[in-house]
Structure formats: structure tokens, C-alpha cells
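S.K.: The structure's right below; bear with me while I get my questions together.
Numbering (this note's numbering), first residue to last: 643 to 885.
Encoded structure:
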């Protein structure tokens with residue numbers, strides 16, 4: 643099959659392109675560097691021409707209140723191009739529990755992205771993933787200074803980007819789910835404990851202080867960002883990944 647991978651040069655997209663090509667498909671990466679502009683629609687018709695499947699792995703450049711407009715415009719343009727091309731399967735990557743945290747602008751934006759796809763009339767699949775292991779360091783940096791790291795105890799279920807890419811690749815090559823698949827890592831940690839584990843592995847001696855008001859994840863209530871029954875659990879453990 644032929645795949646148009648939007649955002650195909652990023653962390654997940656580049657791995658999805660490789661996975662699908664190694665499986666004998668034709669997966670073509672598309673991004674601003676290849677002449678595709680999701681906000682103007684420039685290059686989209688050519689990118690989707692002849693594609694059996696479009697996989698949208700693009701992301702908003704910001705996580706603030708500008709992000710809903712990005713997903714509204716980009717999805718409207720992509721859906722129109724997919725319909726014009728007769729694409730038979732539209733896949734996006736989202737976040738486990740994304741619709742349960744309306745306090746966060748970015749999560750509302752990703753929920754909007756899902757809703758646009760569901761109502762598009764194009765056969766679709768949504769893969770929702772838990773927090774990427776690769777981004778844990780960035781999460782810690784949001785509420786850190788040279789002396790301490792402040793984190794809430796929000797339950798986090800880290801998953802390796804390679805495992806996310808594998809799930810996206812498999813779903814993309816299959817029949818449309820017309821629904822959602824949740825994927826997550828094998829272990830759940832309170833975020834403050836995850837911070838201590840991460841800093842210790844890096845030889846960082848700063849203490850991690852529990853602060854339920856610190857950072858983006860302070861808006862999360864309960865275990866909504868962890869997988870439930872029916873999810874796919876990946877094999878890579880965070881402690882092994884750290885090594």
C-alpha cells in the first residue's frame with residue numbers, strides 16, 4: 643500500500659516511515675521541509691495523490707490556547723484533501739485520557755482533532771498513547787531550578803516512542819478501526835517518583851519535592867492518563883530504557 647505520512651520526519655513519523663517501508667509498503671514522509679503546509683493547504687493534494695492511507699503525525703507548534711486553531715485548520719485541510727484523493731483510511735496519534743482533562747488547552751485541542759476526524763466521513767483509526775519516555779526529561783524541566791524539582795504525584799505510564807511507532811504502523815497497515823486503540827507502557831509511576839528515578843539514573847542529585855500544584859500535570863485528576871482494560875501494553879520498561 644501507499645502511505646502519506648504527514649509529519650513524517652519527526653520522532654514518531656520517521657520511525658513509522660521506516661517500519662512501513664521495511665514491511666514492503668511505500669511510505670512517503672511529508673512535512674514543511676518537503677513543501678507541505680497544513681495551514682494553507684499547500685502541497686496536500688500532491689502529497690495525498692494515490693495514497694491508500696494518510697497518517698497524520700503533525701503537531702501544534704505550541705501547547706497554549708493557539709493549539710485548537712492549528713488542529714481545526716490542519717484537520718479541515720487534510721480531511722478535504724483525503725476526500726479529494728479518495729483515501730480509504732485516515733490515522734491520527736492522540737493521547738490516552740485526552741478528553742478527560744478539559745482544563746488543558748492542548749488536550750482540548752487534541753480532543754477537537756479527534757472529533758473532526760470522527761465526523762469526517764472518512765474511515766479512520768485513532769491511536770492514543772501514554773506519555774513518551776523521551777519527553778520525561780522535558781516534563782521535569784518545566785518545574786525545575788538549579789536546586790530542586792517540583793512534581794505532582796499524577797500517575798504516569800511511560801511508553802517508548804519506538805513502541806508507539808510500532809502500534810501506529812500496525813494500525814495504519816490494517817483495516818480502519820473506526821474507533822480508538824489505547825497503548826501504554828508496562829509500568830505506572832507517580833510523576834514525582836518517576837522524577838526521582840530519572841534524576842538518579844542521570845546522576846542528578848537534586849531532590850524531587852512533591853507539589854500537587856506544579857506544572858501541566860497538576861491539572862490531571864486521578865489516573866485518567868493511564869490505560870484501562872482493552873489497551874495494548876508495550877514491552878519496553880522505563881528502567882530498561884533509561885539504561
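For glycine and all other residues, C-beta sits at the position ideal for the given N, C-alpha and C.
Can you find the residues in the same chain that come closer than 6 angstroms, C-beta to C-beta, to residue 785, ignoring five residues on each side of it along the sequence?
M.R.: Result list for residue 785: 792, 856 and 857, in chain order.
S.K.: If I'm right that residue 673 touches residue 692 with Cβ under 8 angstroms, what's the distance once you round it to whole angstroms?
M.R.: No, residue 673 and residue 692 are not in contact; Cβ-Cβ is about 19 angstroms, not under 8 angstroms.
S.K.: From the DSSP output, which residues share a beta bridge with residue 791?
M.R.: Looking at the DSSP assignment, residue 791 forms a beta bridge with 786 and 850.
S.K.: If you run the structure through DSSP and keep just helix, strand and coil, what is residue 689?
M.R.: Looking at residue 689 - three-state DSSP - the assignment turns out to be helix.
S.K.: Rounded to a whole number of angstroms, what is the C-alpha to C-alpha distance between residue 685 and residue 731?
M.R.: Taking the straight line from one Cα to the other gives about 19 angstroms.
S.K.: Counting Cβ pairs, one atom from each stretch, are 3 or more of them under 8 angstroms apart for the region 717-730 and the region 657-676?
M.R.: No contact exists between the region 717-730 and the region 657-676.
S.K.: Strictly by DSSP, which residues pair up with residue 822?
M.R.: Answer by DSSP bridge pairing, in chain order: 768.
S.K.: Measuring straight from C-alpha to C-alpha, what distance separates residue 782 and residue 829?
M.R.: Their Cα atoms are separated by approximately 18 angstroms.
S.K.: Here's the rule I'm using: 16 or more other beta-carbon atoms within 10 Å means buried, otherwise exposed. How should residue 826 be labelled?
M.R.: It is buried - the Cβ of residue 826 has at least 16 other Cβ atoms within 10 Å.
S.K.: According to DSSP, is residue 668 part of a helix, a strand, or is it coil?
M.R.: Strand, per DSSP.
S.K.: Are the beta-carbon atoms belonging to residue 707 and residue 679 less than 8 angstroms from one another?
M.R.: In this structure, residue 679 does not lie closer than 8 angstroms to residue 707 by Cβ.
S.K.: Can you tell me the Cα-Cα spacing of residue 700 and residue 788, whole angstroms?
M.R.: Near 33 angstroms, if we compare the C-alpha coordinates of residue 788 and residue 700.
S.K.: With a cut-off of 8 angstroms, do at least 3 Cβ pairs link the region 807-818 to the region 831-844?
M.R.: Touching, no, given that fewer than three Cβ pairs across the two stretches are closer than 8 angstroms.
S.K.: Roughly how many whole angstroms lie between the Cα atoms of residue 662 and residue 668?
M.R.: Their Cα atoms are separated by approximately 7 angstroms.
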